[in-house]
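Trainee: Dumping the structure here so I can ask a few things about it.
Numbering (this note's numbering), first residue to last: 3 to 147.
Rendered as structure tokens:
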């Protein structure tokens, strides 16, 4: 799944999909739209770093949750990024990142959402960095150098 598209053109094709989108209302029926918009934003921010290594995604099985982006840099360091359209941290949002970390223990883990940032230590002292959506670019620039 990739979300490279112009939201202005998308709006012209189906303006009803954008009616009443509220980023801060977690009960809104438009949460799927918000999730796609946020994933698109993260992907565009990553591409703006000019990292020549293409992002990937990962899922353990067909039925399990997936990690939205698996990023690599020139030092062969791997970072898994999970994007959530949530205004608050929820521990269940870390499950796919932890499954990824079980398979690839040397990877860095990033959860990005609309909450304030924090560093989390979960399950066997695994570190997850919770980065606010609006602050992802500085992290990506530092990571891809």
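For each residue, glycine too, the CB sits at the ideal point set by N, CA and C.
Residue 90 to residue 54, Cα distance in whole Å?
Mentor: 33 Å
Trainee: Measure the Cβ-Cβ separation of residue 122 and residue 82 and say whether it is below 7 Å.
Mentor: no
Trainee: In whole angstroms, give me the CA-to-CA distance for residue 132 and residue 56.
Mentor: Approximately 22 Å between the Cα atoms of the pair.
Trainee: Secondary structure at residue 126, three-state DSSP: helix, strand or coil?
Mentor: coil
Trainee: Quick one: Cα of residue 78 to Cα of residue 88, how far?
Mentor: 30 Å
Trainee: Can you check which of these residues, 45, 101 and 136, is closest to residue 63 by C-alpha distance?
Mentor: 101
Trainee: Grab the span of the alpha helix (DSSP H) containing residue 82 for me, first residue to last.
Mentor: Residue 82 -> not in any alpha helix (DSSP H); beta strand (DSSP E) instead, spanning 80-85.
Trainee: With distance defined between alpha-carbon atoms, name the residue in 129, 126 and 113 nearest to residue 142.
Mentor: 113
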